[in-house]
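Taking it in order: structure first as structure tokens, then the write-up.
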Amino acid sequence: MKSSYASSSDDLHALVNEIKREIQLSNINLDPYSFVSPSAYDTAWLSMIEEENNVGDDELKPMFQDCLDWIMCNQNAREGFWGNSGSYTTVADAGDEGGEEDMYILSSTLACVVALQKWNTGCFHLHKGILELAQQLGLHFVFSSRCIDMIKGMFYQRQEIIKREKLVDDCNYKPLLAYLEVLPSKLYVKNQEEIIVKSLDSIDGSLFQSPSATASAFMLTRNSKCLAYLQNLVQKCPNGVPQKYPLNEDLIKLSMVNLIENTGLGEFFGVEIEHVLEQVYRATDLMFPGEHDLEEAREYTRNLLKKSRSINEKMIVHELSTPWIARLKHLDHRMWIEDKNSNALSVEKASFLRLNSAYSNKLTHLAAKTFEFRQTKYCRELEELTMWVKKWGLIDIGFGREKTTYSYFATVTSLPYEYAIKFGKLAAKSAILITIADDFFDEVASFNDLEALTKAVLRWEGEELKGYGKIIFRALDDIVRETANTCRTHHKTDIIVHLRNIWGETFESWLREAEWSKKGHTVSMEEYIRNGMTSIAAHTIALSISCLMEPCFPQNKLKQGNYDNITTLLMIISRLLNDLQSYQKEQEQGKINSVLLHLKNHPGLKIEDSIAHIEKIIDSKRKEFMEHVLVDGKSDLPKPGKEIHMSCCKVFEMFFNKKNRYDSNTEMLQDIKKALYDPVNVYELSEIEPMPLMTHGDDIMILPLLLNSLPNILEFKRKDEYGAMKTSMCLGRTYSVHKRVMASQLDDQQKPLKIVASQWKPVPMMPSIFAPCFY
1158 MKSSYASSSD
1168 DLHALVNEIK
1178 REIQLSNINL
1188 DPYSFVSPSA
1198 YDTAWLSMIE
1208 EENNVGDDEL
1218 KPMFQDCLDW
1228 IMCNQNAREG
1238 FWGNSGSYTT
1248 VADAGDEGGE
1258 EDMYILSSTL
1268 ACVVALQKWN
1278 TGCFHLHKGI
1288 LELAQQLGLH
1298 FVFSSRCIDM
1308 IKGMFYQRQE
1318 IIKREKLVDD
1328 CNYKPLLAYL
1338 EVLPSKLYVK
1348 NQEEIIVKSL
1358 DSIDGSLFQS
1368 PSATASAFML
1378 TRNSKCLAYL
1388 QNLVQKCPNG
1398 VPQKYPLNED
1408 LIKLSMVNLI
1418 ENTGLGEFFG
1428 VEIEHVLEQV
1438 YRATDLMFPG
1448 EHDLEEAREY
1458 TRNLLKKSRS
1468 INEKMIVHEL
1478 STPWIARLKH
1488 LDHRMWIEDK
1498 NSNALSVEKA
1508 SFLRLNSAYS
1518 NKLTHLAAKT
1528 FEFRQTKYCR
1538 ELEELTMWVK
1548 KWGLIDIGFG
1558 REKTTYSYFA
1568 TVTSLPYEYA
1578 IKFGKLAAKS
1588 AILITIADDF
1598 FDEVASFNDL
1608 EALTKAVLRW
1618 EGEELKGYGK
1628 IIFRALDDIV
1638 RETANTCRTH
1648 HKTDIIVHLR
1658 NIWGETFESW
1668 LREAEWSKKG
1678 HTVSMEEYIR
1688 NGMTSIAAHT
1698 IALSISCLME
1708 PCFPQNKLKQ
1718 GNYDNITTLL
1728 MIISRLLNDL
1738 QSYQKEQEQG
1748 KINSVLLHLK
1758 NHPGLKIEDS
1768 IAHIEKIIDS
1778 KRKEFMEHVL
1788 VDGKSDLPKP
1798 GKEIHMSCCK
1808 VFEMFFNKKN
1818 RYDSNTEMLQ
1828 DIKKALYDPV
1838 NVYELSEIEP
1848 MPLMTHGDDI
1858 MILPLLLNSL
1868 PNILEFKRKD
1878 EYGAMKTSMC
1888 LGRTYSVHKR
1898 VMASQLDDQQ
1908 KPLKIVASQW
1918 KPVPMMPSIF
1928 APCFY
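Here my numbering is used: the first residue of the sequence shown is 1158, the next is one more, and so on.
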């Protein structure tokens, strides 16, 4: 019988395979535009264009009937608005994002209503926007003062912009002409056809690659280049047009990859991702030495983010407060899963250009399931780790910092999942022991006891040890044996001597620091850094786990004095990061610290100057480190070993980002809850739903007009009485509805109604009221 864990794993992989079949990211014939969300606003403007050559036909027809049909099928079912492919379930949801999305929904809805009104179609859709009829039916709408102020402000701002700016202005990224469709034509663009035609793109015939502006330009000029652009657009995007066209198709695919990676699904789409890209860098966070242009770009974009109001505030705060290298993968995945705008491609003239919610919803759903599946696994491992700590007497040792949960949290959330689940617990054991041993050397033992423990570790013989020293040695021996056995099992390689030597030099560095502190030795900055980069013990974990990743890990890089540059840089960065956030505590305890040493060596400086000096060194070493991690040929370590070093560096950056989070008992609790325990708060963008039945009292039922459908004869049973159908319609087209669709809607509403007869004949539509009513 399968366990629930195995069953969950099977369900997850079945969902993965289903989504991979649907998305087909690596399919060379895939149309990238299928990933892009249609724009209701731009589609509405195309739908307003009249067909040419209507000679002999008194009735005008839309040139792009598919665009009009798309409007009919894509109204938000709950509240009647149009948005970016159903980006929000309710107006309130959009309101959470600020005025920009409010305005986009308002302008999209107005454009769609105008289009439907122009063609005298879509009665039910229009009905939702007609206040008078709603009030007659007893449905009262109260507009909030915020909504009224927003509308007034929008029109006021438009008038101010029109007064201030020219139609074509090289000083602005997008001149007023890019918003041609919303300009008051009689007052502003009358007799401006020549300027409009001159402004058309010489290659594709568009007006600033905006479908809505180009549609307006064509209606004003009937220019053949505009027409060719619009026809090509509708042919390329028959299911609603995007806000911008053409788009960079590689960028669309990269955006899908970005969404997959950011939500933690990279392990499932490895082949597809490799097909799309070889490497993706977050350029401004991954600067190498000498890249001054990127430094300027980073400062510029940082200032821009501070001023921005069109991106969600939570994301801005995260970007500004937490540098990329201080972010943990697992928590970053959660943030992206929960973010409403994780599917945004770019900010265009009206709103976000988004990935299609049909795809992003499924990826978000899969990501949430995957995240919670991993939480279950992590919680089980944490329980096992806690049992190990109790087994070796570390949890009740009686001194120092108890960091079992902290250590495991930092380890598994920083590593890629496939590494975390194999070696995360083992790395956490080393971190726990390092913390306890470091506290033992700093706070508890006599110098003789410390010397005895260090000698025992160097001999790897702990039989003569007693008390705390014996407990620490026995736990250390268990960690080293487990690491060595794992490496021997997987790679047929014996590294136990190397592991013992690495731990031996770490204990020696702790003993040397204890001697400096207890005997008051004065040391140079160079001597302090040389010892301190070992005593921080970052390499002790990084090298031990790196050996387990691949059999080709170069064993000569495990020898003291012969470490790879990437290991040495990790050691220096970790030490200096720790010093920045612990100098006050160590000053009180009479210990040595790089910040304090620099201040002592430069009496004319203030403490802020010494901090700035150490920060500058860290920044320089960090850039070197990133270069060695990411550039081929800069390091002799295999790629998995580099990734382990990167993860280890991220942990130290996270622990000491602006404060000492590791020594705090509360600072990381919220992150730990989010990473290991709290369920994901998924916000899925709403897809278009079937239009619901609307009822008013016991006597009136308002049924929606569905595209191309309306039954000729319907009989409904309510309290054993049949009602007569009163048909009043407002369309000049013929509609029919499938009985199965209508019946399912009735059943969903759980009404005591049943379709008992239906004949499929065209029904003439005449303008009157806005929906068929049954009395």
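Every residue, glycine too, gets a C-beta built ideally from N, C-alpha and C.
Bear in mind the structure is a predicted one, so any value in this text is a computation, not a measurement.
Would you kindly work out how many angstroms separate the C-alpha atoms of residue i and residue j, rounded to a whole number?
i: Y1190; j: L1510; result: 12 Å
i: Q1232; j: V1339; result: 22 Å
i: T1568; j: L1502; result: 32 Å
i: L1512; j: S1194; result: 5 Å
i: E1505; j: Y1402; result: 11 Å
i: E1559; j: Q1738; result: 19 Å
i: I1588; j: M1311; result: One point to set straight first is that residue 1588 is Ala, not Ile, in the sequence displayed. For A1588 and M1311, the distance between alpha carbons rounds to 57 Å.
i: S1517; j: Y1386; result: 28 Å
i: T1247; j: M1229; result: Unreliable placement is indicated for T1247, whose pLDDT of 41 sits below 50; no coordinate value is reported for it.
i: N1838; j: D1828; result: 15 Å
i: D1721; j: H1678; result: 31 Å
i: V1546; j: I1698; result: 17 Å
i: R1818; j: E1175; result: 42 Å
i: M1220; j: Y1313; result: 34 Å
i: Q1366; j: F1375; result: 13 Å
i: N1396; j: R1178; result: 21 Å
i: H1170; j: G1798; result: 28 Å
i: H1655; j: T1724; result: 15 Å
i: I1353; j: L1273; result: 27 Å
i: D1635; j: I1702; result: 15 Å
i: K1748; j: S1674; result: 6 Å
Any idea if residue i is buried or exposed, counting beta-carbon neighbours within 10 angstroms, 16 or more meaning buried?
i: F1556; result: exposed
i: N1184; result: exposed
i: P1836; result: exposed
i: R1638; result: exposed
i: R1616; result: exposed
i: Q1316; result: exposed
i: L1404; result: buried
i: T1278; result: buried
i: L1826; result: exposed
Please list, in chain order, all residues of the same chain as residue i whose beta carbon is under 7 Å from its beta carbon, the five residues on each side excluded.
i: T1570; result: L1485, K1486, H1487, L1488 and A1832
i: Y1740; result: N1750, V1752 and L1753
With distances taken Cα to Cα, identify the nearest neighbour of residue i among the options.
i: N1642; options: F1604, L1705 and H1696; result: L1705
i: C1644; options: C1269, I1430, E1707 and F1813; result: E1707
i: F1238; options: M1220, I1554, S1196 and L1217; result: S1196
i: T1691; options: S1674, T1679, Q1717 and N1713; result: Q1717
i: Y1336; options: K1355, H1648, E1350 and L1364; result: L1364
i: H1647; options: N1498, F1710 and P1760; result: F1710
i: V1270; options: L1668, A1201 and D1361; result: A1201
i: F1566; options: Q1532, D1599, D1596 and M1544; result: Q1532
i: L1408; options: K1675, L1182 and I1729; result: L1182
i: I1730; options: A1483, L1422 and Q1349; result: A1483
Near residue i, which residues of its chain fall below 6 Å by C-beta distance, leaving aside the five closest residues on each side in sequence?
i: V1433; result: K1410 and V1414
i: D1820; result: none
i: D1736; result: N1750, S1751 and V1752
i: A1594; result: I1629
Kindly list the residues whose CB is nearer than 8 Å to the CB of residue i, restricted to its own chain and excluding five residues on each side of it in sequence; keep chain order.
i: E1541; result: K1582
i: F1630; result: L1610, A1613, V1614, G1619 and L1622
i: N1419; result: D1489, H1490, W1493 and S1499
List the endpoints of the continuous alpha helix (DSSP H) containing residue i.
i: A2018; result: Outside the shown range of the chain, which is 1158 to 1932, sits residue 2018, and nothing can be said about it.
i: R1379; result: Counting along the chain, R1379 falls outside any alpha helix (DSSP H), and DSSP gives it neither H nor E.
i: T1521; result: S1514 to K1548
i: Q1717; result: Taken as a continuous stretch (DSSP letters only), Q1717 belongs to no alpha helix (DSSP H), as it is neither H nor E.
i: S1739; result: N1722 to E1745
i: L1411; result: E1406 to N1419
i: L1324; result: Taken as a continuous stretch (DSSP letters only), L1324 belongs to no alpha helix (DSSP H), as it is neither H nor E.
i: T1823; result: Careful: T1823 lies outside any alpha helix (DSSP H) and carries neither H nor E.
i: Y1198; result: A1197 to S1204
i: H1490; result: K1486 to E1495
i: E1670; result: I1653 to K1676
i: E1803; result: It is Met, not Glu, that sits at residue 1803 in the sequence shown. Unbroken alpha helix (DSSP H) run through M1803: K1796 to F1812.
Over what stretch of residues does the beta strand (DSSP E) that includes residue i continue unbroken?
i: S1503; result: A1501 to V1504
i: N1511; result: Residue 1511 is actually Arg in this sequence, not Asn. Per DSSP, R1511 belongs to the beta strand (DSSP E) from F1509 to R1511.
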